[in-house]
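**Student:**
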Amino acid sequence: MALPTAAKTSMLLGRCVPCLKQNASKFKIKRLELDTNLLMYFGKEEFVYAHDPNKICKTGDIVLIEQLPTKMTRLITHAVKKVVYPMGDITDPVTGKKVVAGKYRDFVDSVNKVYGEKEGAFKYDKAPPRGWQEDKKDFTHVQTYIKYHDSGKDDPYAV
Amino acid sequence: MNVLTSVRLGALTLKSARTYAFKSDLKIKWVRPEKIPCIKPEKSGDLEAMMKIDLSQPQLPFRGSKELETADETVKKLFSLEYAPRRKLTQVYGYEMKQLVKRHEFDTGSVEVQIARWTAIIRAYQDLMEKFPRNKVMKVVLKEMIDRRKKKLKYLRRWDYKRFEWLLEALKIVYKPPPDHFHWITRKESLRKLTNNYCEDIRQRRLDEYKQLLQNEQPVFLQEKIRALEFIRNEQRECGVEVTVTDEEVEAVRKQLKELEEQRKSEEE
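Residue numbers (my numbering), protein chains in the order written: chain V, 1 to 159; chain E, 1001 to 1269.
1. Expressed to the nearest angstrom, what Euclidean distance is found between the alpha-carbon atoms of V:Tyr-41 and E:Trp-1030?
2. Look at the alpha carbon of V:Lys-123 and the alpha carbon of E:Asp-1046, and state the distance between them as a whole number of angstroms.
3. Whole angstroms are fine: how far does the CA of E:Val-1111 sit from the CA of V:Gly-120?
4. Among the candidates E:Arg-1205, E:Leu-1213 and E:Leu-1257, whose CA atom is the shortest distance from the CA of E:Arg-1227?
5. Please confirm if E:Ser-1190 has its CB atom under 8 Å from at least one CB of chain V.
6. Give the residues of chain V in contact with E:Asp-1180, contact being defined as C-beta atoms less than 7 Å apart.
7. Check whether the Cβ of V:Thr-77 lies closer than 8 Å to any Cβ atom in chain E.
8. Where does the unbroken beta strand (DSSP E) through V:Met-87 begin, and where does it stop?
9. In terms of residue numbering, what span does the beta strand (DSSP E) encompassing V:Gly-43 cover?
10. Please state whether DSSP places V:Ile-76 in a helix, a strand or coil.
11. Have a look at E:Ile-1039 and V:Val-142 and give me their C-alpha separation to the nearest angstrom.
12. Taking the C-alpha atoms as reference points, what is the distance between E:Cys-1239 and E:Leu-1229?
13. At 4 residues or longer, and completely inside the region 1105-1163 of chain E: list those alpha helix (DSSP H) runs for me, N to C.
14. Under a three-way DSSP split, which group does E:Lys-1258 fall into?
15. Which bits of chain V does E:Val-1137 rub up against, with CB to CB less than 7 Å?
16. Find the nearest neighbour of V:Glu-46 within the set V:Ala-101, V:Val-80 and V:Arg-15, judged by alpha-carbon distance.
17. Taking the beta strand (DSSP E) that V:Ile-65 belongs to, which residues open and close that run?
18. Determine the closest residue to E:Ala-1170 out of E:Val-1140, E:Gln-1099 and E:Pro-1219, with distance taken between C-alpha atoms.
19. For V:Ala-158, list the residues DSSP reports as bridge partners.
20. Among E:Arg-1063, E:Ser-1266, E:Asp-1107 and E:Glu-1130, which one has its Cα closest to the Cα of E:Lys-1088?
21. Does E:Arg-1149 have its Cβ less than 8 Å from a Cβ in chain V?
22. Starting from V:Tyr-11, follow its DSSP beta bridges and name the residues at the other end.
23. Is E:Leu-1081 buried or exposed, if buried means 16 or more other CB atoms sit within 10 Å of its CB?
24. What residues in the region 1191-1202 of chain E bring their beta carbon closer than 8 Å to a beta carbon of chain V?
25. E:Gln-1218: which of E:Cys-1199, E:Trp-1184, E:Glu-1251 and E:Glu-1259 sits nearest, CA to CA?
26. Checking the sheet assignment: what are the DSSP bridge partners for E:Ala-1071?
27. Between which residues of its own chain and E:Gly-1094 is the CB-CB distance below 6 Å, once the five residues before and five after are set aside?
28. Specify the secondary structure class of E:Glu-1165 as computed by DSSP and reduced to three states.
29. Which of the three DSSP states is assigned to V:Leu-32 in this structure?
30. At a CB-CB cut-off below 9 Å, which residues of chain V make contact with E:Val-1031?
31. Leaving out five residues on either side along the sequence, give the residues of the same chain with a beta carbon under 8 Å from the beta carbon of E:Leu-1060.
32. Residues of chain E with a CB under 7 Å from the CB of V:Lys-137: which are they?
33. Provide the residue span of the alpha helix (DSSP H) that contains E:Lys-1088, from first to last.
34. Taking Cβ positions only, does V:Ile-62 come closer than 8 Å to chain E?
35. Using a Cβ-Cβ cut-off of less than 9 Å, list which residues of the region 1214-1232 of chain E approach chain V; keep chain order.
36. With a CB to CB cut of under 6 Å and the five nearest residues on each side skipped, what residues in its chain are close to E:Leu-1156?
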């Protein structure tokens, strides 16, 4: 049975993608679609804009979004409900501990303690919140493009 | 229709017809961006070149050697970086880079250390490539290493965002995600984009101008509004009909006017 399209579903889980809009975020929603000829499901990506006045969603976050009773604009059809998984700062839902790749943060820290922590090493507790390198060294919050014109000015988003 | 009229009216209006040979008369000049090789620091995202290392210090394996400390000047010189092959210099540089990000003294395999090691090699090779631009083997190794570092940075970003940002700052690397899709740069498409930007600029400028115009009229309008509201209120009172204009309404407009004037003053100062 074919699923209703993403725009018609009341609640969705999407991945935030770069978006220039002031009060909205863009989400990539991946769902499986049945090919009736092959009787096989194939991944299909749809893009949805959700109202996000405080811009709490950052690129890469997995966010729960909810359909608005009435469309806000032609594009904005949903509202952000909750950031489920912030990117690069995962909490294990079973134990409630922070996770890095395949290990718990506590475990990594305790191993470091055994060897003796270094002075200038990275400290998770003292690190500033995500986004302090935005527009400086980290350009993942914008959609980059291939440089097409040499205007003589600095073009930070061109690759 | 457009084509027909323009042809009839002669050369003057020919430009308005968007035929197959349409040529924009906008003063937009397109400059094809120069190709930057992928191994250059601008592309690889290295903000710093290889640092200057004191050549009088001993090679890395002989650091802290007691025998070398007591040896005479000639031996010290022979064991210094000055008389060592270049790879010994790179070795020291790699060590210094790793020292910046190590989790503990014996850390050799964490992601940060890996990236720091590659960064050191990349910067040393970039330096060498300037001297020997025809060394293809080195070029390939360098490109592969840059790609590998970028891939690892991508993973690190997904695993631990705060560490990723800290590492970018510590090693002075810029991380740019790849564009959505690849396409060759053509004159036509670039001109289209430039024309779009040009039109967008005009639109924005006119909107701003109009906004400014309306804002300049605001104080006069508000004064007029206060006067009109007061007049209506007085008339309604005198005629003995229901008063629809409340005092709060007039006060709100007065407050708005006052705020606006104060804002203007602070802007002027």
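Don't be surprised by glycine CBs; every beta carbon is placed ideally from N, CA and C.
**Tutor:** Considering the structure as presented:
1. Distance between the alpha carbons of V:Tyr-41 and E:Trp-1030 is about 46 Å.
2. Going by the C-alpha atoms only, they are around 24 Å apart.
3. Their backbone Cα atoms lie some 16 Å apart in a straight line.
4. When each option's Cα is compared against that of E:Arg-1227, the closest is E:Leu-1257.
5. So, interface residue.
6. In chain order: Gln-143.
7. At a cut-off of 8 Å, the C-beta of V:Thr-77 has no neighbouring C-beta in chain E.
8. Premise fails: V:Met-87 is in no beta strand (DSSP E) and is neither H nor E.
9. V:Gly-43: member of the beta strand (DSSP E) spanning 40-51, first to last residue.
10. Residue state, collapsed to three classes: strand.
11. If I take the Cα positions, the gap works out to 24 Å.
12. Approximately 15 Å, taken between the alpha carbons.
13. 1111-1131 and 1136-1159, all fully within the region 1105-1163 of chain E.
14. In the structure shown, E:Lys-1258 sits in a helix (DSSP, three-state: H, G or I).
15. From the beta-carbon of E:Val-1137, no residue of chain V is found nearer than 7 Å; the closest lies around 26 Å away.
16. It is V:Arg-15 whose Cα lies nearest to the Cα of V:Glu-46.
17. For V:Ile-65, the enclosing beta strand (DSSP E) starts and ends at 62-67.
18. Considering only alpha carbons, the answer is E:Gln-1099.
19. Partner(s): V:Tyr-145.
20. Nearest C-alpha to E:Lys-1088: E:Arg-1063.
21. No, its Cβ sits nowhere closer than 8 Å to a Cβ of chain V.
22. Reading off the sequence, residue 11 of chain V comes out as Met, not Tyr. Beta-bridge pairing links V:Met-11 to V:Glu-66.
23. By the 10 Å Cβ count, E:Leu-1081 comes out buried.
24. From the region 1191-1202 of chain E, only Lys-1193 and Leu-1194 have a Cβ closer than 8 Å to chain V.
25. Nearest C-alpha to E:Gln-1218: E:Glu-1259.
26. Looking at the DSSP assignment, E:Ala-1071 forms no beta bridge with any residue, so it has no partner.
27. So the qualifying residues of the chain are Arg-1117 and Ala-1120.
28. DSSP places E:Glu-1165 in helix when its eight states are reduced to three.
29. In the structure shown, V:Leu-32 falls within a strand segment according to DSSP collapsed to helix, strand and coil.
30. Annotation: Cβ neighbours of E:Val-1031 in chain V (cutoff 9 Å, chain order): His-149, Asp-150, Ser-151 and Gly-152.
31. The answer, listed in chain order, is Lys-1088, Gln-1091, Val-1092 and Tyr-1095.
32. In chain order: Leu-1168, Glu-1169, Ile-1173, Val-1174 and Tyr-1175.
33. Looking at the DSSP string, the run of the alpha helix (DSSP H) that includes E:Lys-1088 is 1086-1101.
34. By this cut-off, V:Ile-62 is not an interface position.
35. Within the region 1214-1232 of chain E, no residue has a Cβ that lies closer than 9 Å to any Cβ of chain V.
36. Hits under 6 Å: Val-1111 and Phe-1164.
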